[in-house]
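Q: Quick note: the sequence shown, position 41, residue 51 per the numbering used here, numbers continuous.
Where is the CB? At the ideal position from N, CA and C, for every residue including glycine.
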Amino acid sequence: NILKSRLSWFNGTVNPCPGIYQPICGNNLVTYENPCILCVESILEPSTQRSFCNFHKEQ
Numbered sequence: 011n012i013l014k015s016r017l018s019w020f021n022g023t024v025n026p027c028p029g030i031y032q033p034i035c036g037n038n039l040v041t042y043e044n045p046c047i048l049c050v051e052s053i054l055e056p057s058t059q060r061s062f063c064n065f066h067k068e069q
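#1: Among LEU48, GLY29, CYS27, TYR31, which residue has its Cα nearest to the Cα of ASN37?
#2: Using the rule of at least 16 other Cβ atoms within 10 Å of the residue's Cβ for burial, across every protein chain shown, is TYR31 buried or exposed?
#3: Which whole-angstrom value describes the C-beta separation of PRO28 and THR41, a residue pair presumed to lie in contact below a C-beta threshold of 8 Å?
#4: Quick one: what's got a C-beta closer than 6 Å to CYS46's C-beta in the same chain, skipping five residues either side?
#5: What first and last residue would you give for the alpha helix (DSSP H) that runs through ILE53?
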């Protein structure tokens, strides 16, 4: 997976994502601050598959 190889340097101690607020809903019904954070969470915890859902969850 290209994305995993690009983030292979990430060891979980530093947030590689920009501080841009662009809420996105994951298919686990959690709203993430931006798509990058959703992606990193998916890589750090592969047992919980996350992807984008088709609706915006109100907070």
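A: On the basis of the coordinates in this document:
#1: It is LEU48.
#2: So TYR31 counts as exposed.
#3: Taking 8 Å as the upper bound for CB-CB distance, PRO28 and THR41 are not in contact here, some 17 Å apart.
#4: Taking C-beta separations shorter than 6 Å and ignoring five residues to either side along the sequence, the partners of CYS46 in its chain run CYS27, following chain order.
#5: Where ILE53 is concerned, the enclosing alpha helix (DSSP H) starts and stops at 45–54.
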